[in-house]
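**Student:** Residue numbers (my numbering): 62 to 172. Before I ask anything, here is the structure I am working with.
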Amino acid sequence: MAKTHSSDIKLHIELDENKVPEKLNWTAKDGGIENEKAKAFLLSVWDSEQQETLKIDLWTKDMPVDEMKKFMHQTLVSLSDTYQRATQDEKMTATMRDFCDYFAEKLELKK
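Now the structure itself:
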């Protein structure tokens, strides 16, 4: 019988009195990450029974809007790559990447 391995990813969020994130840190020891600072994170989990996505979107109150725009663009690009690897659907992947280019153009992220 093969040995199994377990791994944890930990998120630590410090909130202000209004429960708005002030600090975000994360740890993924298997990836060499130990208590790294972050300004934002997006977490999506698939609930197969309910056939829906559960999600948590958090960002610190001091995250600049220009960084949020870049973060969102890079997340969309990454989702396009993930979609391609998961489905092998080249046509929709190309459509998603076209949208990412459009998104970047409209936000003036690409020069």
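Think of the CB as a built atom: it goes at the ideal place given N, C-alpha and C, for glycine as much as any other residue. Just so we're clear, the structure is a prediction, and the values are computed from it rather than from any experiment.
Are threonine 121 and lysine 84 touching if we call contact CB-CB under 8 Å?
**Tutor:** Here residue 121 is taken as the residue at index 60 of the sequence shown, counted from 1. Here residue 84 is taken as the residue at index 23 of the sequence shown, counted from 1. It is a contact, given that the beta carbons lie within the stated cut-off.
**Student:** I need the straight-line Cα distance from isoleucine 117 to phenylalanine 102, nearest angstrom please.
**Tutor:** Here the question's residue 117 lines up with position 56 in the sequence shown. Here the question's residue 102 lines up with position 41 in the sequence shown. So the two alpha carbons sit approximately 8 Å from each other.
**Student:** Skipping 5 residues on each side, what residues in its chain have a beta carbon closer than 7 Å to that of methionine 124?
**Tutor:** For this step, residue 124 is matched to residue 63 along the sequence shown. The residues are Lys100, Ala101.
**Student:** Quick one: does the C-beta of threonine 143 sit closer than 7 Å to a heavy atom of the ligand NAP?
**Tutor:** You won't find the ligand NAP in this model; it holds no ligand whatsoever.
**Student:** Suppose the cutoff is 6 Å on Cβ atoms and the five residues either side in sequence are ignored; what does the same chain contact list for aspartate 108 look like?
**Tutor:** Translated into positions along the sequence shown, residue 108 becomes position 47. For aspartate 108, where only same-chain residues beyond five positions count, the Cβ hits under 6 Å are Leu115.
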